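Report on the structure given below.
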Amino acid sequence: TPPNTSALRYAVVAIGDSSYDTFCAAGKHAYHLLADIGAKPLANCFTIDIQEHLVPEDAAEAWLKRVINRF
Numbered sequence: 001t002p003p004n005t006s007a008l009r010y011a012v013v014a015i016g017d018s019s020y021d022t023f024c025a026a027g028k029h030a031y032h033l034l035a036d037i038g039a040k041p042l043a044n045c046f047t048i049d050i051q052e053h054l055v056p057e058d059a060a061e062a063w064l065k066r067v068i069n070r071f
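Numbering-wise (UniProt numbering), the sequence shown opens with residue 1 and increments by one.
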């Protein structure tokens with residue numbers, strides 16, 4: 001029996017390189033798996049492309065500041 005995840009709220013930040021066809025695949029997969037078992041996303045899966053963000057932590061921090069009130 002799967003666990004009851006109806007009260008679980010989550011957010012996913014995925015970091016990857018868009019020059020690969022598997023860009024942020026693990027994060028996207030985790031996001032959809034959690035949704036599939038009934039958890040509630042607080043935001044869409046946020047992807048960071050290292051081709052565009054040399055310091056991915058800066059992009060993640062800016063995203064977090066925009067969505068922190070949802071937590």
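Even glycine gets a Cβ: it sits at the ideal position worked out from N, Cα and C.
Remember, predicted model here, so these are calculated numbers, not experimental data.
Worksheet entry | Option nearest I48 by Cα separation, candidates D21, A60, I37, K40 | A60
Fill in: Nearest candidate by alpha-carbon position, reference V12, set C45, S18, C24
C45
Fill in: Beta-carbon proximity check, I50 vs I15, cutoff 8 Å
Taking a C-beta distance under 8 Å as the contact criterion, I50 and I15 qualify as a contact pair.
Worksheet entry | Supposed close pair T5, A39 - CB separation, criterion 8 Å | 4 Å
Worksheet item: How long is the line joining the alpha carbons of H53 and L8, rounded to whole angstroms?
Response: 30 Å
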